[in-house]
Amino acid sequence: MAKKNKHIKTNAIRILESEGIPHTLLERDLTEEANAAADGGAEADVYKTLVTTAGTTRNYVFVIPVVCELDLKKAARAAGEKKLEMLPLKQLTDVTGYIRGGCSAIGMKKTLPTFLDISAQTKQSIYASAGKPGFQMKLSPKDYAKVTGAPFVELCK
Numbered sequence: 072m073a074k075k076n077k078h079i080k081t082n083a084i085r086i087l088e089s090e091g092i093p094h095t096l097l098e099r100d101l102t103e104e105a106n107a108a109a110d111g112g113a114e115a116d117v118y119k120t121l122v123t124t125a126g127t128t129r130n131y132v133f134v135i136p137v138v139c140e141l142d143l144k145k146a147a148r149a150a151g152e153k154k155l156e157m158l159p160l161k162q163l164t165d166v167t168g169y170i171r172g173g174c175s176a177i178g179m180k181k182t183l184p185t186f187l188d189i190s191a192q193t194k195q196s197i198y199a200s201a202g203k204p205g206f207q208m209k210l211s212p213k214d215y216a217k218v219t220g221a222p223f224v225e226l227c228k
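Sequential numbering of the sequence shown, starting at 72, is according to our numbering.
Encoded structure:
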């Protein structure tokens with residue numbers, strides 16, 4: 072069952088709190104589907120953070136439902152690039168400050184252009200990484216887009 076946890080302070084949570092954005096922090100100890108369901112949501116409400124690269128210095132963040140696969144052509148079009156590739160895992164911490172399983176678009180060590188899948192617009196709330204493995208935050212997609220500067224775009228295959 073997803074447990075509410077008020078003691079963890081990640082960069083993502085600090086930023087949400089400093090901007091007064093309402094959110095709920097949940098400790099994750101089950102599958103994505105079970106975690107969302109335990110809090111009254113659905114697996115399609117759980118979003119993952121993916122980091123891509125268009126070369127040595129241009130990186131982009133895409134936030135999509137865990138039930139979807141990122142369409143790299145749509146992502147490249149949204150970013151204004153000809154081609155994107157997934158950022159190699161060994162570079163993730165250096166680029167974002169986060170590790171795999173705990174990467175959040177909020178609070179990265181350098182602000183990267185971020186895009187949120189259009190499916191989020193129809194949801195009352197979404198679940199996304201809180202910046203530490205095992206922790207998710209629940210917040211409105213509008214607030215998520217506001218704090219990350221992310222436009223809503225079609226990103227899934």
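A virtual CB, placed ideally from N, CA and C, is assigned to each residue, including glycine.
CA-to-CA distance, Ser89 to Met157, given in whole angstroms: Here residue 157 refers to the residue found at position 86 when the sequence shown is read from its first residue. Here residue 89 refers to the residue found at position 18 when the sequence shown is read from its first residue. In this structure, the CA atom of Met157 is about 31 angstroms from the CA atom of Ser89.
Taking just the CA atoms, how far does Cys174 sit from Pro136? In the sequence shown, counting from the first residue as 1, residue 136 sits at position 65. In the sequence shown, counting from the first residue as 1, residue 174 sits at position 103. Separation of Pro136 and Cys174 (C-alpha to C-alpha, rounded to the nearest whole angstrom) is 14 angstroms.
Range of the contiguous alpha helix (DSSP H) that encloses Tyr131: Your numbering for residue 131 matches position 60 in the sequence shown. It is not in any alpha helix (DSSP H) - Tyr131 instead sits in the beta strand (DSSP E) that spans 130-136.
Contact defined as beta carbons within less than 8 angstroms: I believe Tyr215 pairs with Asp116. What is the distance between those atoms, to the nearest angstrom? Looking up residue 215 in the sequence shown gives position 144. Looking up residue 116 in the sequence shown gives position 45. Between the beta-carbon of Tyr215 and that of Asp116 there is about 12 angstroms, and that puts the pair past the 8 angstroms contact cut.
Determine, using beta-carbon pairs with one atom in the region 81-98 and one in the region 122-133, whether at least three such pairs fall under 8 angstroms. Proximity of the region 81-98 to the region 122-133 falls short of the contact definition, fewer than three beta-carbon pairs being nearer than 8 angstroms.
Looking at the structure shown, is Lys230 part of a helix, part of a strand, or coil, going by DSSP? A query on residue 230 cannot be resolved here, the shown segment of the chain reaching from 72 to 228 and no further.
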